[in-house]
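A.B. asks:
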Amino acid sequence: MLGQGWPVVLLVFDGFGISAPSRGNAVTLSYMPNFNQLLRQYPAITLQASGEVVGLPWGEMGNSEVGHMNIGGGKVVYQSLPYINKTIFDGSFYENAAFAEAINHVKQNNSTLHIMGLVSDGGIHSSQNHLYALLELCQKQQVHSVAIHAFLDGRDTPHNAAMHYIQQLQQRVQALPFAKIASLAGRYWAMDRDNHWERIEAAYTAIAQGVAKFTATDAAQAIAASYQRSVFDEELEPTVIVGADGKPVATVHDNDAIIFFNFRADRARQMTKAFVLPTFTKFNRAQYFHNLPFVTMMEYERNLPVKIAFIPDHVANPVAKVVSDAGMTQLHVAETEKYAHVTFFLNGGLEDAFPGEERVMIPSPRVSSYAEVPDMSAGGVRDAVTQGIQSGKYHFIVANFANADMVGHTGNLEAAKRAMECLDRNLGDIVATVLQCDATLVITADHGNVEEMYNLQTGEIDKEHSTNPVPFLIIGKRWAEVKPLWPEIPMNDLSQLQPMGVLSDVAPTILRLLGLPLPPDMSARSLIQ
């Protein structure tokens, strides 16, 4: 039966951000009487859902995966780039055990440390600042020989930006007598992920053996020559840097070591396998290098024989686990498009359900565009939630409504307005059930999207996520009474409030509503006292 505030129901309106009314704001353009009445009647604030407060680089828009990890994790879950940046800032980067092992190995063997990766500031696969930090580490540790194998971008950066990045690198290398640029290759060759092994072979052969179609005595000159051939950064063919004697300045040998500083896995796996797998059949390597420690920035694939420098930020006690450990029951509901988000991502990256956790997946419509069916499967999600409340079986229910995000991505404003009005109708039904059963409802979102259907600077259609804050409301019989204690919402417009929390504050709030203590590693704060 429950009641007296239970179950606690968390609704995540995916892609529902808060911004000022505009001609592209599908939230404020839509008829949403239920949501607007809740703003008038119950406590409501906004939460930050983008950038550093959710573990992303400053100014980067939120996304569903990161949003749900933060909502469920109860702490800022740092993504790869800011996570590694943080270690550089706090100094732990320079004490990393995997780096130390590779460096000590080459010092003991009087051999060369090879550092390879994408040299750009695109921030998707790598960061050149991580390369610079590695060079600083090598200088501190008095490594006597470092060879840099630079992969060129042109995809997450302008097509001809490599000259700038390589000249920056050359300036640093000139001040480091132990370091040299040994080879270049566009990411098309060195970072293939689609089993075009002939591309990997060409880049591998340049790195390992110093054999390539093109050679140059200077990296910047090699890029200039490629530009003359109208071959730009991404496709720049593997090029070996040679000395005045025409011989490669560095090749790989037994007893060397390699650090691959790309942090994103998908385009780093194939090159890594070419170096580390003893039995490798994708192309004919001239030799398999022995006693060659290989360090990857993050885990590229399970069971590769490598050392991993950084283990992803781990959520040991997501809200679902805390609820389960307390012997409570829970229900997770979403349609297909967002099912992984209320299960795998909300649960801290764990596939399996916790004891006492049940899951319901409502099939998403099979259409070419959700603009055709902006309601999607919201009715099915609503029914599962209301039935779950009425059953009295669950202490905690979490559900994701996909409409705002998935229809927002179509760029169709009229469809987005219909999606919002559908959400509002379903919200009204859930609120009625919550009040009837004396439950508690929490409403939030994982990131913005549908509130920015036009780029207001260019007038162009905007299909992307946004950096806007998201709503946070608490609805229940006793919560109307405390409404006066919460910030007043000018003209019932949430966009006029400054955010008062972050996504990771949701989990501690849920646990507080359930009467459960916070685990020690849940560092965010409850939004209620």
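Under my numbering, residues 0 to 528 are what the sequence shown spells out, in order.
For each residue, glycine too, the CB sits at the ideal point set by N, CA and C.
Can you tell which of A174, I206, D193 has its C-alpha closest to the C-alpha of A146?
C.D. replies: The sequence position of residue 146 within the sequence shown is 147, counting from 1. Checked all of A174, I206, D193; the closest Cα to A146 is I206.
A.B. asks: Report the rounded CA-to-CA distance for A221 versus D155, giving the unit in angstroms.
C.D. replies: If you number the sequence shown from 1, residue 221 lands on position 222. If you number the sequence shown from 1, residue 155 lands on position 156. If I take the Cα positions, the gap works out to 21 Å.
A.B. asks: Could you check which residue in E100, A218, E234, F282 has the C-alpha nearest to that of V241?
C.D. replies: For the purposes of this step, residue 241 is taken as residue 242 along the sequence shown, with counting starting at 1. For V241, the nearest C-alpha among the options comes from A218.
A.B. asks: Inspect the beta-carbon positions of V275 and L235 and report whether they are closer than 8 Å.
C.D. replies: Within the sequence shown, residue 275 is the residue found at index 276, counting from 1. Within the sequence shown, residue 235 is the residue found at index 236, counting from 1. No, they are not a contact pair.
A.B. asks: Determine the extent of the beta strand (DSSP E) in which L10 is found, giving its start and end residues.
C.D. replies: Here residue 10 corresponds to residue number 11 of the sequence shown, with the count starting at 1. Element bounds for L10: 7-12.
A.B. asks: Is it a yes or a no for the region 377-388 touching the region 317-333, going by three-plus beta-carbon pairs under 8 Å?
C.D. replies: Yes: the two stretches touch, three or more of their Cβ pairs being nearer than 8 Å.
A.B. asks: Beta-carbon separation of T443 and V481 under 8 Å?
C.D. replies: As a working note, residue 443 is residue 444 in the sequence shown. As a working note, residue 481 is residue 482 in the sequence shown. No; because the gap between Cβ atoms is not below 8 Å, this pair is not in contact.
A.B. asks: Determine the direct distance from the alpha carbon of D193 to that of Y338, and round the result to whole angstroms.
C.D. replies: Counting from 1 along the sequence shown, the entry for residue 338 is found at position 339. Counting from 1 along the sequence shown, the entry for residue 193 is found at position 194. Whole-angstrom Cα-Cα distance: 27 Å.
A.B. asks: Tell whether a beta-carbon distance below 8 Å holds between K476 and L440.
C.D. replies: For the purposes of this step, residue 476 is identified with residue 477 of the sequence shown, where counting begins at 1. For the purposes of this step, residue 440 is identified with residue 441 of the sequence shown, where counting begins at 1. It is not a contact, given that the beta carbons lie outside the stated cut-off.
A.B. asks: Roughly how many angstroms lie between the CA atoms of F395 and E51, to the nearest whole one?
C.D. replies: Counting from 1 along the sequence shown, the entry for residue 395 is found at position 396. Counting from 1 along the sequence shown, the entry for residue 51 is found at position 52. Rounded to whole angstroms, F395 to E51 spans 29 Å at the Cα level.
A.B. asks: Would you give the residue range spanned by the alpha helix (DSSP H) that F88 belongs to?
C.D. replies: Position 89 of the sequence shown, counted from the start, is the residue given in the question as residue 88. Run containing F88: 79-89, per the alpha helix (DSSP H) assignment.
A.B. asks: Can you look up T27 in the DSSP assignment and give me helix, strand or coil?
C.D. replies: Start at 1 with the first residue of the sequence shown, and residue 27 comes out as number 28. In this structure, T27 counts as helix in the three-state DSSP scheme.
A.B. asks: For Q495, which residues from the same chain have a beta carbon less than 6 Å from its beta carbon, with the 5 sequence-adjacent residues on both sides left out?
C.D. replies: Within the sequence shown, the letter at position 496 stands for residue 495. Hits under 6 Å: P489.
A.B. asks: Flag this pair as yes or no: are the beta carbons of T216 and S182 separated by less than 8 Å?
C.D. replies: Here the question's residue 216 lines up with position 217 in the sequence shown. Here the question's residue 182 lines up with position 183 in the sequence shown. Their beta carbons are not under 8 Å apart, which means T216 does not touch S182 by this criterion.
A.B. asks: Once you ignore the five residues that flank H408 on each side, which residues in its own chain have a CB closer than 6 Å to its CB?
C.D. replies: As a position in the sequence shown, residue 408 is number 409, starting the count at 1. The answer, listed in chain order, is K462.
A.B. asks: Does the region 36-52 touch the region 303-317, meaning 3 or more C-beta pairs lie closer than 8 Å?
C.D. replies: As far as the Cβ criterion goes, the region 303-317 does not touch the region 36-52, which means the pair count is below three.
A.B. asks: Please state whether the Cβ-Cβ distance between D423 and M31 is less than 8 Å.
C.D. replies: As a working mapping, residue 423 is identified with position 424 in the sequence shown. As a working mapping, residue 31 is identified with position 32 in the sequence shown. Against a cut-off of 8 Å, the Cβ pair of M31 and D423 comes out as a contact.
A.B. asks: Can you tell me the Cα-Cα spacing of M499 and A506, whole angstroms?
C.D. replies: By one-based count along the sequence shown, residue 499 stands at place 500. By one-based count along the sequence shown, residue 506 stands at place 507. Roughly 15 Å between the two C-alpha positions.
A.B. asks: Give a yes or no on contact between the region 243-257 and the region 279-291, applying the rule of three or more CB pairs nearer than 8 Å.
C.D. replies: The answer is yes - the region 279-291 touches the region 243-257, with three or more Cβ pairs under 8 Å.
A.B. asks: Spatial neighbours of Y151 within its chain, please: C-beta separation below 6 Å, excluding the five flanking residues on both sides.
C.D. replies: Indexing the sequence shown from 1 puts residue 151 at position 152. The sequence shown places Leu at residue 151, rather than the Tyr named in the question. Hits under 6 Å: A161, G185, D232, L235.
A.B. asks: Closer than 7 Å by C-beta to T342: which residues in its own chain qualify, once you throw out the five before and the five after it? Chain order, please.
C.D. replies: Position 343 of the sequence shown, counted from the start, is the residue given in the question as residue 342. Result list for T342: H331, R358, in chain order.
A.B. asks: Determine the closest residue to A352 out of V366, S363, V322, S368, with distance taken between C-alpha atoms.
C.D. replies: Here residue 352 is taken as the residue at index 353 of the sequence shown, counted from 1. Here the closest residue by C-alpha is V322.
A.B. asks: Within a Cβ cutoff of 6 Å, which residues of the same chain sit near Y299, ignoring the five residues on either side of it in sequence?
C.D. replies: In the sequence shown, the residue the question calls residue 299 occupies position 300. Cβ within range, chain order: A264, A267, R268, T271.
A.B. asks: On the criterion of 16 or more Cβ atoms from any shown chain inside 10 Å, does D89 qualify as buried, or is it exposed?
C.D. replies: If you number the sequence shown from 1, residue 89 lands on position 90. D89 comes out exposed.
A.B. asks: With a CB to CB cut of under 6 Å and the five nearest residues on each side skipped, what residues in its chain are close to K416?
C.D. replies: As a first step, residue 416 is located in the sequence shown; it is residue number 417 there, counting from the start. Once the five neighbours on either side are set aside, the close Cβ partners of K416 are A25, L28, S29.
A.B. asks: Return the chain-ordered ranges of every alpha helix (DSSP H) run that is complete within the region 100-184 and spans a minimum of 4 residues.
C.D. replies: Qualifying alpha helix (DSSP H) stretches, in chain order: 127-139, 161-173.
A.B. asks: Since Q47 sits in a beta bridge, which residues does DSSP pair it with?
C.D. replies: Start at 1 with the first residue of the sequence shown, and residue 47 comes out as number 48. Q47 pairs with V501.
A.B. asks: Please state if the CB of G447 and the CB of G16 are separated by a distance shorter than 8 Å.
C.D. replies: Position 17 of the sequence shown, counting from 1, holds the residue named residue 16. Position 448 of the sequence shown, counting from 1, holds the residue named residue 447. Result yes, Cβ atoms of G16 and G447 sit closer than 8 Å.
A.B. asks: Where P311 and N103 are concerned, what is the direct C-alpha to C-alpha distance, given to the nearest angstrom?
C.D. replies: Along the sequence shown, one-based indexing puts residue 311 at 312. Along the sequence shown, one-based indexing puts residue 103 at 104. Going by the C-alpha atoms only, they are around 25 Å apart.
A.B. asks: If I measure Cβ to Cβ from N69 and keep anything under 6 Å in the same chain, skipping five residues before and after, which residues do I get?
C.D. replies: Here the question's residue 69 lines up with position 70 in the sequence shown. Closer than 6 Å at the Cβ level, and outside the excluded window around N69, lie V53, V76, L502, S503.
A.B. asks: Buried or exposed for R301, going by 16 or more other Cβ atoms inside 10 Å?
C.D. replies: Counted from its first residue, the sequence shown places residue 301 at position 302. By the neighbour-count rule (16 or more Cβ atoms within 10 Å), R301 is not buried but exposed.
A.B. asks: Does DSSP classify N290 as helix, strand or coil?
C.D. replies: The sequence position of residue 290 within the sequence shown is 291, counting from 1. N290 falls in the coil class under three-state DSSP.
A.B. asks: Would you mind giving the Cβ-Cβ distance between V430 and N33, rounded to the nearest angstrom? I have them listed as a contact below 8 Å.
C.D. replies: If you number the sequence shown from 1, residue 430 lands on position 431. If you number the sequence shown from 1, residue 33 lands on position 34. At roughly 7 Å, the Cβ-Cβ gap stays under 8 Å, so V430 and N33 are in contact.
A.B. asks: Taking its Cβ as the centre, do 16 or more other Cβ atoms sit within 10 Å of E197, making it buried, or is it exposed?
C.D. replies: For the purposes of this step, residue 197 is taken as residue 198 along the sequence shown, with counting starting at 1. Classification of E197: exposed, given that the 10 Å Cβ count is below 16.
A.B. asks: Please report how far the alpha carbon of P362 lies from the alpha carbon of E336, in whole angstroms.
C.D. replies: Stepping through the sequence shown from its first residue, residue 362 is reached at position 363. Stepping through the sequence shown from its first residue, residue 336 is reached at position 337. When rounded, the distance between both Cα atoms is 8 Å.
A.B. asks: By alpha-carbon positions, which one of G71, V7, E371, S49 ends up nearest to P518?
C.D. replies: Here residue 518 is taken as the residue at index 519 of the sequence shown, counted from 1. Comparing Cα-Cα distances from P518 to each of G71, V7, E371, S49, the minimum goes to G71.
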